[in-house]
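Top line first, the protein sequences correspond to chains P and R. With the first sequence counted from 1, adding 9 to any position gets you this note's numbering. With the second sequence counted from 1, adding 9 to any position gets you this note's numbering. We put the beta carbon where it would ideally sit given N, CA and C, even for glycine.
2 protein chains.
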Amino acid sequence: MFDGTIGELIEQLGRLPGVGPKSAQRIAFFVLQNPNYDPRDLADVLASIRERVRFCDTCGMLATDTECDICQDVRRDETVLCVVEEAKDVWAIERTREYRGRYHVLGGALSPIDGIGPDQLRIRELMARLGNSAITEVIIATDPNLEGEATASYLSRMLEQPGLTVSRLASGLPVGGDLEYADEVTLGRAFAGRRSV
Amino acid sequence: MFDGTIGELIEQLGRLPGVGPKSAQRIAFFVLQNPNYDPRDLADVLASIRERVRFCDTCGMLATDTECDICQDVRRDETVLCVVEEAKDVWAIERTREYRGRYHVLGGALSPIDGIGPDQLRIRELMARLGNSAITEVIIATDPNLEGEATASYLSRMLEQPGLTVSRLASGLPVGGDLEYADEVTLGRAFAGRRSV
């Protein structure tokens, strides 16, 4: 149905998440024919993106330097730390514009069935950060599902220490859902209504 | 919110049609972190696609050779020709698997307000194809809108010649649709084009 390279383009576009066969054809047509679009711009970024992106030494967020932009930003509140599972959760929280503190990216959630225990997550790094810093509050923002809740309870026990407030995002997020897909208002409300654990 | 190259990737992905800000972030995360995905495959195709794709000398379809796969396919019926506006219309018709004839891509529809007259479309090429070929039926499959209808009437006048059947795709209610929500024009067409059962 599609000539050589065109078929390859449509197939490659169809591998992206959320892009079905029809969307892939629509995007391919745009890429091929839109006079205001140069596909080489996207090609350039894609060609080198994996080499150019690393993890922030401090928080574990995706970064293009040894530290990510958020960790480098001196205007962010150093006393509050928000613990999330994945880099995409940081993006979701940043979209709410409700939170001005720092982040810590665990790199996943506890899931014994998948062989992910505390040592597979960046929990040791989290404890080290708390040891010598101005952090007075930790907000646990793991996903509101089974693994996320398990991780939250584990962390809340680990973080029990004098002078440190530990909170969990307020329920209001649909249970069984995925933090990444929460709308900005709901996620913002969840931040505002966080309660100590 | 996004570090250098990551922000650039998200911005570039967001320029694709049908990809909103959230989808762009989701795709970016996949591109950055999915272990089974190599973004260089898509990068390679995008980098050279415009140079590698041309228009089929015969039908005007997007092709990677002087003739497209459909024109080269000897199993296709040479006696029927389907005239469409754009390459993506060929893809849409091919998806139905109902049609086994040939195509002719006009490259648009008549639209005096946009300065598109018969000379801007591949109508001369269409007439030349009809002159020396086995074609006995032409199906006009332009879009069912103002420009498409105007193009269809123009073509049907141009194509009046002995031994050549000219038809237009049926207008009517979409299958699986709801009569209650059909617009007046579509419903009117469905009445006018009613067939005995």
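- Between the C-alpha atoms of Thr-88 (chain R) and Ala-201 (chain R) there is a straight-line separation of about 29 Å.
- The closest CA to that of Thr-14 (chain P), considering only P:Leu-25, P:Ile-149, P:Leu-41, is found on P:Leu-41.
- Using a C-beta cut-off of 8 Å, the region 140-157 of chain R makes no contact with the region 183-190 of chain R, since fewer than three inter-stretch Cβ pairs fall below that distance.
- Taking 3 residues as the minimum length, the beta strand (DSSP E) runs contained wholly in the region 88-169 of chain P are 89-93, 111-114, 146-149, in order along the chain.
- The beta carbon of Asp-50 (chain P) sits closer than 8 Å to some beta carbon of chain R.
- Across the region 28-47 of chain R, CB contacts with chain P closer than 9 Å involve Val-28, Pro-30, Lys-31, Ser-32, Gln-34, Arg-35, Ile-36, Ala-37, Phe-38, Phe-39, Val-40, Leu-41, Gln-42, Asn-43, Tyr-46, Asp-47, in sequence order along the chain.
- Counting C-beta atoms within 10 angstroms of its own C-beta, Pro-121 (chain R) has fewer than 16 neighbours from the protein chains shown and is therefore classed as exposed.
- Between Leu-115 (chain P) and Glu-94 (chain P), the CB-CB gap stays under 8 Å.
- Membership of Val-40 (chain P) in the alpha helix (DSSP H) is indicated by the continuous run 30-42.
- DSSP places Arg-85 (chain P) in the coil class of the three-state scheme, outside both helix and strand.
- DSSP places Arg-198 (chain R) in the helix class (H, G or I) of the three-state scheme.
- With contacts defined as CB atoms closer than 8 Å, Ala-72 (chain P) and Asp-12 (chain R) qualify as a contacting pair.
- DSSP, reduced to helix, strand and coil, places Ala-179 (chain P) outside both helices and strands of the structure shown, so it counts as coil.
- Annotated three-state conformation of Ala-72 (chain P) is strand, per DSSP.
- Under the criterion of beta carbons closer than 8 Å, Val-175 (chain P) and Ser-205 (chain P) qualify as touching, at roughly 7 Å.
- For Ser-57 (chain R), the three-state secondary structure derived from DSSP is helix.
- Note: Phe-11 (chain P) is not bridge-paired with any residue in the DSSP secondary-structure output.
- Distance between Asp-74 (chain P) and Cys-65 (chain P), taken at the CA atoms: about 7 Å.
- Annotated three-state conformation of Arg-24 (chain R) is coil, per DSSP.
- Residue pairing from DSSP places Ser-205 (chain P) in a beta bridge opposite P:Ser-176.
- Between Leu-173 (chain P) and the set P:Pro-153, P:Thr-195, P:Ile-144, P:Ala-179, the nearest pair of CA atoms involves P:Ile-144.
- By the neighbour-count definition (other C-beta atoms within 10 Å, threshold 16), Gln-170 (chain P) is an exposed residue.
- Contact note: Ile-58 (chain P) reaches chain R through Thr-14, Leu-18, Val-40, Leu-41, Pro-48, using a C-beta cutoff of 7 Å and chain order.
- Residue burial annotation: Glu-17 (chain P) is buried, with at least 16 other C-beta atoms found within 10 angstroms of its C-beta.
- Per DSSP, the beta bridge partners of Arg-63 (chain P) are P:Ala-72.
- Using a Cβ-Cβ cut-off of 7 Å, Asp-192 (chain R) is close to nothing in chain P; its nearest Cβ partner there is about 23 Å away.
- By the rule that beta-carbons nearer than 8 Å mark a contact, Pro-171 (chain P) does not touch chain R.
- At least one beta carbon of chain R lies nearer than 8 Å to the beta carbon of Cys-77 (chain P).
- Judged by DSSP in its simplified three-state form, Asp-78 (chain R) adopts helix.
- Excluding the 5 residues flanking it on each side, Leu-22 (chain R) has same chain C-beta neighbours closer than 7 Å at Val-28, Ala-33, Ile-36, Ala-37, in chain order.
- Contact residues of the region 149-160 of chain R toward chain P are absent (C-beta to C-beta distance below 9 Å).
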